[in-house]
Amino acid sequence: MSTAKPAITVGCVLNDARFTFWSILRHGVRSRAAEHGVTVIDQDARTVEAQVEMVAELLRRQVHALILGPVHETSAFAQHLELARLARVPVIEVDGGILEGHVSATVRSNEREGLERIAELLTSHLGHRFRIALIVGPNNHRAEVLAEVLRAWPHVQVVTQAVGDWTRESGRRFTEAWLRDGQPIDAIFAANDPMALGAIDALEARDLTGKVVVAGFDGLPEALRAIKSGHMLATVNQDAIRIGRQAVDTALQALRGDPVERLILTPGGLITRDNVTDAALSALDLLPGIMRDFIESNAERQRLQEEIIAAQRSTIQELSTPIIPLDEHTLIVPLIGAIDSGRAMQMTQAILETISERHADDVIIDITGISVIDTSVANHLVQTAQAASLLGAHVTLAGMSPEVAQTIVQLGVKLNLLTTSSNLQAALQLARRRRR
Numbered sequence: 555m556s557t558a559k560p561a562i563t564v565g566c567v568l569n570d571a572r573f574t575f576w577s578i579l580r581h582g583v584r585s586r587a588a589e590h591g592v593t594v595i596d597q598d599a600r601t602v603e604a605q606v607e608m609v610a611e612l613l614r615r616q617v618h619a620l621i622l623g624p625v626h627e628t629s630a631f632a633q634h635l636e637l638a639r640l641a642r643v644p645v646i647e648v649d650g651g652i653l654e655g656h657v658s659a660t661v662r663s664n665e666r667e668g669l670e671r672i673a674e675l676l677t678s679h680l681g682h683r684f685r686i687a688l689i690v691g692p693n694n695h696r697a698e699v700l701a702e703v704l705r706a707w708p709h710v711q712v713v714t715q716a717v718g719d720w721t722r723e724s725g726r727r728f729t730e731a732w733l734r735d736g737q738p739i740d741a742i743f744a745a746n747d748p749m750a751l752g753a754i755d756a757l758e759a760r761d762l763t764g765k766v767v768v769a770g771f772d773g774l775p776e777a778l779r780a781i782k783s784g785h786m787l788a789t790v791n792q793d794a795i796r797i798g799r800q801a802v803d804t805a806l807q808a809l810r811g812d813p814v815e816r817l818i819l820t821p822g823g824l825i826t827r828d829n830v831t832d833a834a835l836s837a838l839d840l841l842p843g844i845m846r847d848f849i850e851s852n853a854e855r856q857r858l859q860e861e862i863i864a865a866q867r868s869t870i871q872e873l874s875t876p877i878i879p880l881d882e883h884t885l886i887v888p889l890i891g892a893i894d895s896g897r898a899m900q901m902t903q904a905i906l907e908t909i910s911e912r913h914a915d916d917v918i919i920d921i922t923g924i925s926v927i928d929t930s931v932a933n934h935l936v937q938t939a940q941a942a943s944l945l946g947a948h949v950t951l952a953g954m955s956p957e958v959a960q961t962i963v964q965l966g967v968k969l970n971l972l973t974t975s976s977n978l979q980a981a982l983q984l985a986r987r988r989r990r
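What the sequence shown shows, in the working numbering, is residues 555 to 990, in sequence order.
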């Protein structure tokens, strides 16, 4: 008698879907997941703070793996990435940006390879003596890498640079300012295609099309027409569809227990007038699937929103106190933000109910994200430990800051029923030793 394989659910949190790159990458994730019969819960956000909340929600729903594309470079995911690691949930980072916390693998394009080819193309087109302006992305190093590569040609000058916000409008605004100030420029490189297209808009308004060459990065469909018409010299093909598909393959590989490469680079080829037709045909093939994704994901997002609203109404305690079952014995309760006596009471009730339901032996309350604690909250922690011990569970307090420790001593609160540890990892080790 054969047994069916358990269904796999992958949580996917990406940058803002208004950017074409991220829409294409999401389509790569969804299409590859469909081929494997994997369910994807995908969400996008414009801020890291919103993404952190989405990751917390997906972990609470006990997804099997996470694919994460941060809005920008950040350390904000560190606590949740540690929880994912302890729960053996592989985290696949796409396009980089996670500065702190464990990830199973990073999938992104070989940016240096692409930028080296941009540099070679510019020097081939303009010679070994020209002036270039750089439009940098926020918390992104592409322009810095290009400037470093261009040092191989001593007579190439980086005459100015500005930090855009990835939008077409910012590229147009900076280029207009340079032209208005009389800045001598022979070439402009923008860290993504929308900003490069904004630079082209400003040049076209001054009748300077073709007199200042423009190069971009991403290989987006919007840039292909500009390359075909001669308004843009080239763009690096970041191949978002390939990154998305590779992320799913890597997540499934990790779930099988197979070793995965820590860094997976997709080729950083160029799109120029020589190959733009082939690139355009490939982009055209993607459009039906991307449109279908938009329709499906909007319906899914609406359904998910309704589920969350219903959950908020019926389980306030659970939402205010996220409880993550690490295994059949251990519960982790990460606390973030301000805790008043009302929330502390809800926390105690939620923890005790979950101990009873799951017959847990250990509860680890992680207060790394708590900066202020008062007598009422401290006493609730003690009461939680007392009640948990009656149910056969032990409570460990992890991640206590020096400020909180000093406050507890000054308040005279006795934590004799609580075990304390410096961090979540140490608390987990204590729990395992107790069970042995």
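All residues carry an ideal CB built from backbone N, CA and C; glycine is no exception.
Only a predicted model underlies this, so the values are computations on that prediction, with no experimental measurement involved.
Does DSSP put residue i in a helix, a strand or coil?
i                 : result
leucine 945       : coil
aspartate 916     : strand
leucine 951       : strand
valine 1017       : Given that the chain is displayed from residue 555 to residue 990, the structure contains no residue 1017 and the question cannot be resolved.
valine 900        : One point to set straight first is that residue 900 is glutamine, not valine, in the sequence displayed. Of the three classes helix, strand and coil, the one that applies to glutamine 900 here is helix, per DSSP.
arginine 685      : strand
alanine 864       : At alanine 864 the pLDDT is 49, less than 50, meaning the model places this residue with poor confidence; the figure from the coordinates comes in the next sentence. DSSP places alanine 864 in helix when its eight states are reduced to three.
threonine 789     : strand
glycine 718       : coil
threonine 974     : strand
aspartate 812     : coil
aspartate 803     : helix
glutamine 737     : coil
proline 888       : strand
phenylalanine 573 : coil
threonine 922     : strand
proline 821       : coil
glycine 668       : helix
glycine 565       : strand
leucine 858       : Reliability of the predicted coordinates at leucine 858 is poor, the pLDDT of 49 falling under 50, and no value is obtained from them.
valine 648        : strand
valine 712        : strand
arginine 584      : helix
valine 936        : helix
glutamate 872     : Reliability of the predicted coordinates at glutamate 872 is poor, the pLDDT of 42 falling under 50, and the value obtained from them is presented with this limitation in mind. In the structure shown, glutamate 872 sits in a helix (DSSP, three-state: H, G or I).
valine 643        : coil
proline 879       : strand
Contact defined as beta carbons within less than 8 Å: I believe residue i pairs with residue j. What is the distance between those atoms, to the nearest angstrom?
i              : j                 : result
isoleucine 825 : phenylalanine 743 : Actually they are not in contact, since the Cβ atoms of isoleucine 825 and phenylalanine 743 sit about 15 Å apart, beyond 8 Å.
glutamine 942  : isoleucine 909    : The question names glutamine, but residue 942 in the sequence shown is alanine. Right, their Cβ atoms sit about 6 Å apart.
glycine 565    : alanine 794       : Not really, about 19 Å apart at Cβ, beyond 8 Å.
isoleucine 818 : leucine 579       : Contact flag wrong, Cβ pair sits at about 14 Å.
glutamate 991  : aspartate 747     : With the chain covering only 555 through 990, there is no way to say anything about residue 991.
alanine 610    : leucine 880       : In fact, because the Cβ distance is near 15 Å, the residues do not count as touching under 8 Å.
valine 703     : leucine 669       : 6 Å
alanine 750    : leucine 676       : 13 Å between Cβ atoms; not a contact.
leucine 688    : alanine 673       : 12 Å between Cβ atoms; not a contact.
Using beta carbons (cut-off 8 Å, strictly below), is residue i in contact with chain D?
i            : result
arginine 779 : In the displayed structure, chain D is absent; only one protein chain is listed.
Going by the beta-carbon positions, is the gap between residue i and residue j smaller than 8 Å?
i              : j                 : result
aspartate 920  : isoleucine 886    : yes
serine 930     : alanine 959       : no
isoleucine 927 : threonine 961     : yes
valine 625     : valine 606        : no
valine 802     : arginine 586      : yes
isoleucine 734 : glycine 752       : Position check: residue 734 holds arginine in this sequence, whereas isoleucine was assumed. No, the pair does not count as a contact, with Cβ atoms beyond the cut-off.
valine 717     : valine 690        : yes
glutamine 633  : threonine 922     : yes
threonine 804  : alanine 659       : yes
glycine 946    : asparagine 977    : no
alanine 745    : asparagine 693    : no
glutamate 627  : glycine 655       : no
aspartate 596  : arginine 584      : yes
alanine 904    : isoleucine 878    : no
threonine 729  : leucine 757       : yes
isoleucine 754 : alanine 780       : yes
serine 599     : aspartate 570     : Checking the displayed sequence, the identity of residue 599 turns out to be alanine instead of serine. Contact flag set, yes.
valine 814     : leucine 778       : no
isoleucine 547 : phenylalanine 684 : Since the displayed the chain opens at 555 and closes at 990, residue 547 lies outside it and no answer follows.
(message) Count Cβ pairs between the stretch 620–638 and the stretch 646–658 that sit closer than 8 Å; are there 3 or more?
(response) Yes, they touch.
(message) Any contact between the stretch 754–762 and the stretch 704–719? By contact I mean 3 or more CB pairs, one from each, below 8 Å.
(response) The stretch 754–762 makes no contact with the stretch 704–719: fewer than 3 CB pairs, one atom from each, lie closer than 8 Å.
(message) Under 8 Å: do the stretch 805–819 and the stretch 764–775 share three or more Cβ pairs, one atom per stretch?
(response) Between the stretch 805–819 and the stretch 764–775, the count of C-beta pairs closer than 8 Å stays below three; the two stretches do not touch.
(message) Quick check for students: name the residue ranges of the alpha helix (DSSP H) that lie wholly in the stretch 592–637, counting only runs of 4 or more.
(response) The alpha helix (DSSP H) runs of length 4 or more contained entirely in the stretch 592–637 are, from start to end of the chain, 602–614.
(message) So within the stretch 722–772, which uninterrupted alpha helix (DSSP H) runs reach at least 4 residues, ignoring any that extend past its ends?
(response) At a cut-off of 4 residues, the continuous stretches assigned as alpha helix (DSSP H) that sit fully inside the stretch 722–772 are 722–734, 747–759.
(request) Taking 8 Å as the threshold, find out whether the stretch 657–674 comes into contact with the stretch 781–800 through three or more Cβ pairs. (result) Yes, the stretch 657–674 is in contact with the stretch 781–800.
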